[in-house]
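Scroll down for the structure; my scribbles are underneath it.
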Ligand code: MG
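Residue numbers (the numbering used here): 8 to 281.
So this is what it looks like as structure tokens:
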């Protein structure tokens, strides 16, 4: 099943794809659906013919995983981590398909793309062994873990470098876990302005989805609606020669096999600087 948050007549609704048609639900809380509430189609609404997808973000904690693809670790010249490298991604950084990634040149001039498979947790998980870990997955979506490389270098941790407003595009839809039985065999590609820059496969992860859920749940209670960004394959701009960073006017697309494409324009900040 495919589930989306949509904008319909200026209201936020939840919709599911049913027999090839997108149908609006009576429920309006994506978090409740990810926690197990059965989707109930609103029969008063016709199947959708035109709608805008919003970020399919259920509202939970967003965990980021760094240095989790063997080819990326090679690009960066770092040793392979012995345990997953965790960082937080702030909920205020989430945007949806088509929303601009906004760059404030006073904050960063080195914004980079990171196409990633995102895991949506569906059940409360604490101390879960790897062999049971996929039972706690509600579904998957695509994410672009936009990263300010200059800010990452400047700080001893990555809250600012990863958490800036608009730096977490996700979507376009959540695909339920039954449709992706093996999350370690999924192709991920990223394009910038139509040129392919990343072409990887989740088979290259150092810590797979099972291992990440098990590890996280040893330290934190995972809750329905939490999101795990599982790392990015080779091809980020900051590790190209010469480096290549995002600029206003660019457009990024992350495509994940079996999920779909997430496209975002890049724009300059227009807010007054205090
Ligand atoms: Mg990342």
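For each residue, glycine too, the CB sits at the ideal point set by N, CA and C.
Check	Outcome
Taking 8 Å as the limit between beta carbons, can you name the residues of its chain near residue 128, skipping five residues before and five after?	41, 67, 143, 144, 145, 220, 229, 230, 231, 232, 233, 234, 235
Just to be sure I understand the criterion: a residue counts if its Cβ is closer than 5 Å to at least one heavy atom of ligand 1. Which residues meet that?	121, 152, 239
According to DSSP, which residues form a beta bridge with residue 175?	101
Taking Cβ to Cβ, would you say residue 80 is nearer than 8 Å to residue 124?	no
If I measure Cβ to Cβ from residue 59 and keep anything under 6 Å in the same chain, skipping five residues before and after, which residues do I get?	14
Can you determine whether any heavy atom of ligand 3 sits closer than 7 Å to the C-beta of residue 41, and answer yes or no?	Although ligand 3 was asked about, the structure shown includes only ligand 1 as ligands.
Assuming the contact rule is C-beta atoms closer than 8 Å, residue 176 and residue 218 should be a hit. Round their C-beta distance to whole Å, please.	Wrong, their Cβ atoms sit about 25 Å apart, outside the cutoff.
How many Å lie between residue 126 and residue 180 at the Cα?	12 Å
Once DSSP output is grouped into helix, strand and coil, what is the label at residue 191?	coil
Taking the DSSP output, what are the residues bridged to residue 48?	32
Where residue 159 and residue 132 are concerned, what is the direct C-alpha to C-alpha distance, given to the nearest angstrom?	30 Å
Helix, strand or coil, according to DSSP, for residue 82 in the structure here?	helix
Return the CA-CA distance between residue 188 and residue 266, expressed in angstroms with no decimal places.	13 Å
What separation, rounded to the nearest whole angstrom, lies between the Cα atoms of residue 116 and residue 260?	20 Å
Have a look at the DSSP bridge pairing and note the partners of residue 151.	122
Below 8 Å on the Cβ atoms is my contact criterion, and I expect residue 211 with residue 190 to pass it. Report the Cβ-Cβ distance as a whole number of Å.	Going by Cβ atoms, the distance from residue 211 to residue 190 rounds to 13 Å, so no, they are not a contact pair.
Give the single residue among 242, 256, 29, 110 whose Cα lies nearest to the Cα of residue 172.	110
Under a three-way DSSP split, which group does residue 110 fall into?	strand
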